[in-house]
Structures are given as C-alpha cells and as structure tokens.
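What follows is a single structure, written as structure tokens, with notes after it.
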Amino acid sequence: MNRSILITGANGALGLALAEFFLTREESCVVFLGVRERRERAQELAARFSGRAHLLTLEVTSPDDWKAAVTEIETKAAPLSVLINNAGFHEDALLANMAQDQWSRVLDANLNAVFHGCQAALPGMMRQRQGRIVNIASLSAISSPAGQTNYAAAKAGVIGLTQSLAKESARMGITVNAVCPGYIEGGLPADWTPEHLKALKMQLPMRRFARPEEIAAAVFFLASADASYITGTTLKIDGGLL
Ligand SMILES: NC(=O)c1ccc[n+]([C@@H]2O[C@H](COP(=O)([O-])OP(=O)(O)OC[C@H]3O[C@@H](n4cnc5c(N)ncnc54)[C@H](OP(=O)(O)O)[C@@H]3O)[C@@H](O)[C@H]2O)c1
Numbered sequence: 000m001n002r003s004i005l006i007t008g009a010n011g012a013l014g015l016a017l018a019e020f021f022l023t024r025e026e027s028c029v030v031f032l033g034v035r036e037r038r039e040r041a042q043e044l045a046a047r048f049s050g051r052a053h054l055l056t057l058e059v060t061s062p063d064d065w066k067a068a069v070t071e072i073e074t075k076a077a078p079l080s081v082l083i084n085n086a087g088f089h090e091d092a093l094l095a096n097m098a099q100d101q102w103s104r105v106l107d108a109n110l111n112a113v114f115h116g117c118q119a120a121l122p123g124m125m126r127q128r129q130g131r132i133v134n135i136a137s138l139s140a141i142s143s144p145a146g147q148t149n150y151a152a153a154k155a156g157v158i159g160l161t162q163s164l165a166k167e168s169a170r171m172g173i174t175v176n177a178v179c180p181g182y183i184e185g186g187l188p189a190d191w192t193p194e195h196l197k198a199l200k201m202q203l204p205m206r207r208f209a210r211p212e213e214i215a216a217a218v219f220f221l222a223s224a225d226a227s228y229i230t231g232t233t234l235k236i237d238g239g240l241l
C-alpha cells in the first residue's frame with residue numbers, strides 16, 4: 000500500500016531528516032513536506048525525490064491550513080496514513096521576564112498545533128481504520144531546564160495529549176506516540192558559541208549530540224506496521240543523558 004506521510008516543519012533539521020528517512024526506507028510512500036516561509040531545503044529534497052515528495056503550505060497554528068492540507072493530500076495521493084507533528088520552536092526567558100505573547104506563541108506552535116493536526120488527521124484515519132501519529136516532544140518535557148517554562152509546559156502537554164488520544168483511538172487501529180529528543184545536531188540555536196557546544200557535549204554520556212537520522216530511525220519504527228502494539232508511549236532519545 001502507498002502510504003501518505005505528512006511531516007510538519009519539514010524545512011528544519013529534523014523535519015528534513017525524517018522526510019529523507021521515509022523516502023529512502025519506504026520506496027512506495029509519498030511524503031508531504033509541511034512548510035511556511037522558509038522552504039529552500041525542502042524544495043531541494045522534493046526535487047531529489049520528484050513525484051514522491053511534495054511541498055505543502057502549512058502554518059500549523061491554523062486549523063484552516065490543516066483542513067486544506069488533508070484535502071490536498073487525499074486529492075494528490077492517498078488518504079493520510081502517517082502524521083508526524085514535528086514543527087516547533089523555543090523562545091526562552093525566565094518566567095519573571097517572559098512576555099505574555101512569548102508564552103502564547105510557544106504554546107500555540109508546540110501544543111495547540113498538535114491538537115489541530117490530530118483533529119484534522121483523525122477522521123480520515125478513522126475511516127481507514129488505521130493510522131500512525133508521532134508527536135515530537137522534547138527532553139525538556141521530562142527534565143525541564145530553567146528558562147523554558149513555556150516550551151517545557153507545551154512539550155509536557157504534548158505527552159499528555161499523546162497518552163489520552165492513544166486511548167481514544169486504539170480500537171480504531173490508530174497509534175499515537177511521542178518522542179523526546181535531547182540535543183540534535185544542526186537544530187541548535189545559531190548563537191551558541193563553539194565553547195558552549197563543547198561544554199554541553201562534555202555533559203553527555205556519549206559526548207556528542209544526536210544525528211537527526213538517529214531520531215528519524217525511531218520515528219520511522221513507531222510509524223511502521225511492526226510497531227502495531229505500541230501506543231501512548233513516550234520514547235526519550237537522549238544518548239543516555241537522563
Ligand atoms: N533541535 C533540538 O535539539 C531539539 C531537541 C528536542 C526537540 N526538538 C523538537 O524537534 C522539532 C524539530 O526541531 P528542529 O531541531 O528540526 O528545529 P528547526 O530546524 O528550527 O525546525 C523547526 C521547523 O518547524 C517549523 N515551524 C515552527 N513553527 C511553525 C509554525 N507555527 N507553523 C509551521 N511550521 C513551523 C519551522 O519553520 P520555519 O523555518 O519557517 O520557521 C522549521 O521548519 C521541534 O518540535 C523541536 O521542538 C528539537
């Protein structure tokens with residue numbers, strides 16, 4: 000069966016790796032790359048996998064964009080089989096200094112967007128009596144550093160949503176899981192100095208950050224038929240940090 004896979008935030012470090020992993024490991028699948036303004040890297044990937052990878056304009060905080068995206072996928076390929084809620088960002092500040100819109104923006108993109116995405120994807124998956132949803136949370140959800148009250152709360156919310164929705168949808172053949180990556184190579188703030196990066200690595204048991212494809216491999220498994228009895232789980236992928 001040709002599965003339709005939707006990956007949000009697909010111009011980013013992890014989104015690109017996820018897309019490439021699915022495209023190379025599952026030759027029959029069609030991958031939809033959710034993008035907004037920045038799209039150059041996703042465009043390059045789509046050109047390399049012409050006919051099997053399509054860009055899709057998707058601002059994940061917009062329920063209308065989600066409806067249009069699901070319709071476009073059904074029209075261009077097959078009904079959505081796999082949704083990977085990957086888009087997200089952090090905007091750190093101490094709570095005492097955090098502006099209200101800094102709180103809301105982060106909650107919107109990292110948590111409310113997952114609600115909108117799941118709600119848009121579910122009717123089609125319920126009709127098919129099968130589906131895979133993988134939500135990208137973060138290690139910050141289970142071991143929350145100072146300065147990330149907004150991001151940690153949003154990602155912890157994603158874990159709660161995942162567990163609850165897994166129970167609601169299990170009998171319909173739909174699994175819902177979350178992964179919590181630690182630091183990912185290529186996805187770290189550009190203003191972190193080489194000294195800071197080196198010091199961070201020294202705190203990690205493996206002395207290195209995750210390669211994006213190491214996260215993608217776990218997501219690919221959770222989205223596979225082999226993971227049919229795994230739902231509501233949260234998988235941390237942190238090289239042994241916690
Ligand atoms: N990097 C890490 O170390 C790390 C660790 C743990 C968890 N994570 C999580 O992993 C996921 C991917 O992160 P990454 O490392 O690949 O970061 P990234 O390179 O910054 O990519 C994030 C992507 O999300 C998109 N995005 C953000 N807000 C969006 C919105 N409202 N609507 C649509 N797209 C939106 C961005 O689009 P634009 O380019 O247009 O802004 C970008 O393509 C995120 O959920 C992040 O929280 C990352």
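Taking numbering that gives the first Met the number 0, I'd label the letters of the sequence shown as residues 0 to 241. Think of the CB as a built atom: it goes at the ideal place given N, C-alpha and C, for glycine as much as any other residue. Here the structure is a predicted model, which is why all the values come from computation and not from measurement.
Quiz item: Going by beta carbon distance, what residues of the same chain come within less than 6 Å of T148, once the five residues before and after it are set aside?
Solution: So the list reads L94, once near-sequence residues are dropped.
Exercise. Return yes when the C-beta of I183 is under 7 Å from any heavy atom of ligand 1, and no when it is not.
Key: Yes, ligand 1 has a heavy atom inside 7 Å of this Cβ.
Self-check item: Span separating the alpha-carbon of A152 from that of L106
Solution: Distance between the alpha carbons of A152 and L106: 8 Å.
Exercise. Using only alpha-carbon positions, find the residue among I141, S168, M125, E167 that is nearest to I158.
Key: If we check each option's Cα against that of I158, I141 comes out closest.
Practice problem: Determine the closest residue to A125 out of V81, D225, G156, A16, with distance taken between C-alpha atoms. | Solution: According to the sequence provided, residue 125 is Met. The question's Ala does not apply to it. The shortest C-alpha separation from M125 is found at V81.
Quiz prompt | Alpha-carbon to alpha-carbon, I135 and E58 | solution = Answer to the nearest angstrom: the Cα atoms are 16 Å apart.
Quiz item: Quick one: is A120 buried, meaning 16 or more other Cβ sit within 10 Å of its Cβ, or exposed?
Solution: Classification of A120: buried, given that the 10 Å Cβ count is 16 or more.
Exercise. Just the C-alpha distance for A198 and A145, rounded to the nearest angstrom, thanks.
Key: Between the alpha carbons of A198 and A145 lies a distance of about 18 Å.
Exercise. Using the DSSP secondary-structure output, state which residues sit across from V30 in a beta bridge.
Key: Note: V30 sits in a beta bridge opposite I4, A52.
Quiz item: In angstroms, rounded to a whole number, what distance separates the CA positions of R51 and C28?
Solution: In a straight line, the C-alpha of R51 is about 7 Å away from that of C28.
Practice problem: Go to T70, then tell me how far its alpha helix (DSSP H) extends in each direction, as first and last residue. | Solution: DSSP places T70 inside the alpha helix (DSSP H), whose first and last residues are 62-75.
Self-check item: Within 8 Å, strictly: CB atoms of T233 and T174
Solution: No.
Quiz item: Going by alpha carbons, who is nearest to A155 out of A165, S137, M171, F48?
Solution: Its Cα nearest to that of A155, the residue S137 stands out among A165, S137, M171, F48.
Quiz item: Sorted by chain position, which residues of the same chain lie with C-beta nearer than 8 Å to A216's C-beta, five sequence neighbours on each side aside?
Solution: If the five residues before and after A216 are omitted, its C-beta is found closer than 8 Å to the C-beta atoms of F20, all from its own chain and listed in chain order.
Quiz item: Does ligand 1 have a heavy atom nearer than 7 Å to the CB of G286?
Solution: A query on residue 286 cannot be resolved here, the shown segment of the chain reaching from 0 to 241 and no further.
Quiz prompt | Beta-carbon proximity list for V178, same chain, < 8 Å, skipping 5 on both sides | solution = Cβ neighbours of V178 beyond the five flanking positions: V133, N134, I135, A136, I214, A217, V218, L221, T233, L234, K235, I236.
Quiz item: If we count the other Cβ atoms within 10 Å of its Cβ and call it buried at 16 or more, is H195 buried or exposed?
Solution: Note on H195: under 16 other CB atoms within 10 angstroms of its CB, so exposed under the neighbour-count rule.
Self-check item: For G8 and G186, believed in contact at Cβ under 8 Å, the rounded distance
Solution: Beta-carbon to beta-carbon, G186 and G8 are separated by about 10 Å, too far to satisfy the 8 Å threshold.
Quiz item: Can you find a heavy atom of ligand 1 that lies under 7 Å from the Cβ of P144?
Solution: At a threshold of 7 Å, P144 does not count as near ligand 1, since its beta carbon sits no closer than that to any of the ligand's heavy atoms.
Quiz item: Where do the ends of the alpha helix (DSSP H) carrying S80 lie?
Solution: For S80, no alpha helix (DSSP H) segment is defined; the enclosing uninterrupted segment is the beta strand (DSSP E) at 79-84.
Quiz item: Got a sec? Which residues, its chain only, sit under 7 Å from G87 by beta carbon, not counting five neighbours each side?
Solution: Same-chain partners within the cutoff: G8, A108, N109, I135.
Quiz item: Mapping DSSP to helix, strand and coil, what is R131?
Solution: If DSSP states are grouped into helix, strand and coil, R131 belongs with the strands.
Exercise. Say yes only if the C-beta of R37 is nearer than 7 Å to one or more non-hydrogen atoms of ligand 1, and no if none qualify.
Key: For R37, the shortest separation between its Cβ and any heavy atom of ligand 1 lies below 7 Å.
Exercise. Using only the heavy atoms of ligand 1, determine whether one of them is closer than 7 Å to the beta carbon of G11.
Key: Because some heavy atom of ligand 1 lies under 7 Å away, the Cβ of G11 counts as near it: yes.
Exercise. Assuming A68 contacts L5 (C-beta within less than 8 Å), just tell me the rounded distance between them.
Key: With 8 Å as the limit, A68 and L5 qualify as a contact, their Cβ atoms being about 7 Å apart.
Quiz item: Could you give the uninterrupted runs of the beta strand (DSSP E) lying entirely in the region 168-207, keeping only those of 3 residues or more?
Solution: Listed in chain order, they are 173-180.
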